[in-house]
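Scroll down for the structure; my scribbles are underneath it.
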Amino acid sequence: MKVRIRTWHAMVGTALALTSVWAVAQSGPESLLPKGFDEPAPPPPAAAPAASAPAASASRPNPASVSTPVVQSVPSAAPMVLDGALAVPALTGPGGLTRVPTLEELERMSPEDFEDLLGNKIDLDMPPQARRSMERVGLIDDTEGGLSADSLGSQHASVVEAALAANRGQLVSRWGHILLRRALISRLAPPAGMSPQRFLALRVALLLRMGESDAARAVLQDIDIANYTPELGNAAFDTYQNTADFTGLCPVFSSLGSLRDDPQWNAAKAICEAFRGSGTSAMAKLDRARVRGSMDRIDVLLAQKYAGAAGRSRKAVTIEWDGVTTVTPWRFGLANAVGLTPPDSAMNGAGSIYDDMTALAPMVGLARRAAAADHAGGTGVLSNAAMVDLYSQLYSDPEVQGEWQQRAETLRNAYVLEDPAARFAAMQSLWSGASGANAVYARQVLTAAAAARIAPSKDLEGDAPALLTSMLAAGFDANALAWSPVVASGSQGWALLVLAAPGRIKTVGSSAVSTFVDGDDSQDKRRSAFLVAGLAALGRIDDGDARSFSGQLGLGLDSSSRFLTALDRAAGNGDAASVALLAGLGMQGSDWHRMTPRYLYHIVSALRSVGLDAEARMIAAEAVARA
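Numbering (the numbering used here), first residue to last: -8 to 618.
If you want it as structure tokens, here you go:
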């Protein structure tokens, strides 16, 4: 593999030659070390010059009167100063570079000017030990919680591509989202017939649609830019745009600068040019884009404000949002990067993906991130620990006042108050303050660790379902099981525990299930349908009882489809990665009303059969809790 060393060789060579000439013309620098500390040992006596030595050597400067240049000598004739520039031997062969520009000229040059100056490029071999393999790309392997690297080896490439490309990124299940993210960041080999670059580009694109911009960037950075394809270049642009990290694109432009010729791509190249020191040239290019109308005025101004952070442009940029009624990832990312907040007129109806981007953005204010966490926590983008950490920052920040400071104090009370009933009341206050079922679930994720700290008590039996839902939202199944003696058979708390319990448990009797069905007040008895589907998939109900309840509730658990056939086949092959990808495809939707008991049964059963038992249990319990 060759790495293209384009322009900086000219600068390095120039600097080296100039240092060689100028170093002998300076007086020695004054040492800051104690006297005698850095005095070199006396040199050995010089040998007598040979008879053939040139007489011109006598004219060399006295080495005792100048500093010794700390550079390696250039293996060529000494350069001569001609008209303010250096004449050096040609660097690129016949017809190549014969004049090195002055330092002032070099400073004004853009990367394109360097390329024109050199005419062609110098190639150097990258050491093999510095290269990263494309055979298995990802962040975690099977020893770190990832899926088996060869899991997709027997799967057809078209199935994998369909599962990745057709997934819109919004899943009904928080635990399904977490499982899919785990599969996408695992160090996997591509299926036969699919290139590693194509496989990686599909994974990164899906992570972005899921709101997992940080994970997408981390996976993308696991490969060398020399291995980029145009498709990966496009994925990189979207990734760094969503993470508000536009300077992260600069290494990509050095290899794939001519990949695209659209206004946003060229504006991002101008930003990188500014951060390489050519701020005036970059601002001029962005000004031309604004004058020509190739980009909206707000898009150009945001790019100029970002580029101005390089400190060389000396141009103040004022952002005015008048007339801006829509937001795009470009506008949103640049606004976050320069510390601005898009107006409500642009954000209204913008889509939940911007909540995920906000929740993950470290440069955004704490109150904005906490508001966005009401979505990101429920979907699985933020963990319980991340949400608690965010509220802890709210609590400790003296500049946060009002509603958000009160919420942070309420969360603290849920942990530290002595009376369990008072702690539960604090949790209820947080839950009731959320708007919408998904936001309520996100707040239950937030309080999961606090709920796990409450000891089981008959006094709180009526509140057990809410407490258990909160615990299981973050996977505290062992703490939840401690409530088994408290909850009544056939209750909602009982249903959550029989689904979430790890290991083998006794088969659930039909009478307890019938009690649950009779008391189920959910629409169309969806909780009962999900309970039966989950119990049947986990093998915790007799086959006869499963068929009976399936017929009674009209579930059709045994019916199939092309999708379910592919899922069952992957499970039969023990292909955990394919099962995870296909399960994510089957769990798409905005809420659990988009999920059918039949799909839940096949997904949970497939996960359990390939060793993903914990995810299977949590998804089944979540279905009943959020039906």
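Note that the Cβ used here is the ideal one computed from N, Cα and C, for glycine as well. In this text the structure is predicted, and so the values were computed from the model without any measurement.
Comparing alpha-carbon positions, the option among Ile289, Thr316, Phe237 lying closest to Ala265 turns out to be Phe237. In this structure Ala328 is in contact with Ala235, their Cβ atoms being roughly 4 Å apart against a cut-off of 8 Å. Contact between the region 165 to 173 and the region 568 to 585 is present: three or more C-beta pairs spanning the two stretches fall below 8 Å. Under DSSP, the beta-bridge partners assigned to Ser177 are Ile131. Excluding residues up to 5 positions away in sequence, Val163, Ala428, Asn429, Arg617 lie with their Cβ nearer than 8 Å to the Cβ of Asp582 in the same chain.
For the set Thr309, Asp290, Glu311, Asp335, the Cα lying nearest the Cα of Arg322 is the one of Asp290. Taking a C-beta distance under 8 Å as the contact criterion, Leu240 and Phe228 qualify as a contact pair. Rounded to the nearest whole angstrom, the CA to CA distance from Ser596 to Leu529 is 6 Å. Of the candidates Met201, Leu293, Gln146, Met201 places its Cα closest to the Cα of Asp347. With distances taken between CA atoms, Thr309 lies nearest to Gly330 out of Ala217, Gly330, Val431. Only residues of its own chain outside the window of five on either side were considered, and among them Ile445 have a CB closer than 6 Å to the CB of Pro411, listed in chain order. Closest by C-alpha distance to Ala280, out of Ala301, Ala148, Gly340, Asp253, is Asp253. With a cutoff of 8 Å on beta-carbon distance, Ala567 and Gly602 are scored as near each other.
The Cβ neighbour count for Met378, taken over all protein chains shown within 10 Å, is at least 16; the residue is labelled buried. Nearest in C-alpha terms to Val436, of all of Ala457, Gly284, Leu558, Ser541, is Ala457. Shown here, Leu331 sits in coil according to DSSP, grouped into three states, outside any helix or strand. For Leu385, the secondary structure class from DSSP, reduced to helix, strand or coil, is helix.
Sixteen is the threshold: when 16 or more other Cβ atoms of the shown chains lie within 10 Å of the Cβ of Asp454, as they do, the residue is buried. Around the CB of Arg585, fewer than 16 other CB atoms lie within 10 Å, so the residue is classed as exposed.
Residue pairing of Leu162 in beta bridges, as defined by DSSP: Gln579.
For the region 439 to 494, the full-length alpha helix (DSSP H) segments reaching 4 residues or more read 439 to 443, 455 to 464, 468 to 472, 483 to 491 along the chain. Looking at Thr271, Ala301, Val318, Arg599, the one whose alpha-carbon comes closest to that of Asp287 is Val318. Contact annotation: Val128 and Pro182 have beta-carbon atoms that are not nearer than 8 Å. Per DSSP, reduced to three states, the secondary structure at Leu548 is coil, with no helix or strand assignment. Rounded to whole angstroms, the separation of the alpha carbons of Ser420 and Pro476 is 27 Å. Fewer than three Cβ pairs drawn from the region 135 to 148 and the region 330 to 342 lie within less than 8 Å of each other, which leaves the two stretches out of contact. Gln579 places its beta carbon 8 Å or farther from that of Asn225. Note on geometry: alpha-carbon atoms of Trp474 and Arg599 lie some 24 Å from one another. Boundaries of the alpha helix (DSSP H) harbouring His593: 588 to 600, taken from the DSSP string. One Cα belongs to Leu155, the other to Ile216, and the distance between them is close to 23 Å.
Residue nearest to Leu522 within the set Gln483, Val391, Leu171, Leu198 is Gln483 (criterion: CA-CA distance).
For Val291, the enclosing alpha helix (DSSP H) starts and ends at 288 to 299. Lys296 and Pro389 have their alpha carbons spaced roughly 29 Å apart. By the neighbour-count criterion, in which a residue is buried when 16 or more other Cβ atoms sit within 10 angstroms of its Cβ, Lys449 is exposed. The Cβ-Cβ distance between Leu175 and Leu223 does not fall below 8 Å.
When the Cα atoms are used, Ala443 and His366 turn out to be separated by approximately 22 Å.
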